[in-house]
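Numbering (full-length UniProt numbering), first residue to last: 1 to 183.
Cβ atoms here follow ideal geometry from the backbone N, Cα and C, with glycine treated the same way.
See structure below.
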Amino acid sequence: MKGFVQDIKDLAGQNSDFRRVLYTGSGLQLVVMSLKPGEDIGEEVHDDRDQFFLVEKGRGEIWIDGITTEIRRSMGMVVPAGARHNVLNTGGKKLRLVTVYGPPQHADGTVHATREDAESAEESFDGTTTERARAKGTSAGNKTAGKATAGKTTARKTTSRKTTSRKTTAGKASIGKTSADTE
């Protein structure tokens with residue numbers, strides 16, 4: 001199957017990695033993040049790309065060009081290109097985020113188990129999309145740092161040509177791979 005069709009709420013809720021790239025297109029990239037209590041993403045500026053955040057679980061603060069705003073579940077935030085920003089988990093539980101970069105920021109399949117892994121990594125988007133990686137037979141999720149684990153979602157076709165999925169667990173989360181990645 002081309003594209004990405006999965007329950008993003010479940011994927012974000014199950015993710016325990018600091019950063020996990022789920023899908024990379026030519027013009028955007030879908031990522032889930034998990035911040036521990038007191039952890040932040042690190043102050044950053046993307047000169048040539050916009051970034052969207054959605055809070056799936058938890059609470060925190062976002063800082064965009066000197067303005068701090070409290071954030072909570074279901075809140076969305078857009079950081080325009082060139083804006084200095086940071087996200088901080090101010091709650092007592094993990095802050096689960098979905099983020100979309102346009103254009104992509106990270107290499108397809110990137111997984112950073114911790115912020116330290118992310119800071120020491122040097123990979124960036126190299127032009128390889130998820131679809132291109134699938135066509136080459138390399139599955140997204142292979143570029144891991146730290147102790148990241150990915151589960152598998154298998155898909156089967158029904159007689160009405162609808163696709164249903166059944167999640168299986170390998171490690172802590174069933175995230176990242178679809179049957180197309182393993183065929």
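Quiz prompt | Start and end residues, beta strand (DSSP E) containing residue 130 | solution = Premise fails: residue 130 lies in the alpha helix (DSSP H), 130-136, not in any beta strand (DSSP E).
Quiz item: Along the chain, where does the beta strand (DSSP E) that runs through residue 8 open and close?
Solution: Per DSSP, residue 8 belongs to no beta strand (DSSP E); it is in the alpha helix (DSSP H), 8-14.
Quiz item: Do three or more CB pairs link the segment 16-24 to the segment 48-62 at distances below 8 Å?
Solution: no
Quiz item: Which residues does DSSP pair with residue 40 in a beta bridge?
Solution: 88
Quiz item: In terms of residue numbering, what span does the alpha helix (DSSP H) encompassing residue 115 cover?
Solution: 115-120
Practice problem: Could you work out which residue in 89, 88, 127 and 63 is closest to residue 80 when comparing CA atoms only? | Solution: 63
Exercise. With residue 28 as the anchor, note down where its beta strand (DSSP E) starts and where it stops.
Key: No beta strand (DSSP E) holds residue 28; DSSP gives it neither H nor E.
Practice problem: Measure the Cβ-Cβ separation of residue 94 and residue 26 and say whether it is below 8 Å. | Solution: no
Quiz item: What does residue 52 pair with, by DSSP beta-bridge criteria?
Solution: 78 and 100
Quiz item: Under the three-state reduction of DSSP, which class applies to residue 123: helix, strand or coil?
Solution: coil
Quiz item: With DSSP run on the structure shown, which of helix, strand or coil describes residue 69?
Solution: strand
Exercise. Check the C-beta distance from residue 28 over to residue 60 and give it rounded, since I have them as a contact under 8 Å.
Key: Incorrect: roughly 23 Å between the Cβ atoms, too far for contact.
Quiz prompt | Nearest candidate by alpha-carbon position, reference residue 8, set 99, 135 and 113 | solution = 99
Quiz prompt | Proximity to residue 117 [Cα-Cα], best of 78, 41 and 5 | solution = 41
Quiz item: How is residue 110 classed by DSSP in three states: helix, strand or coil?
Solution: coil
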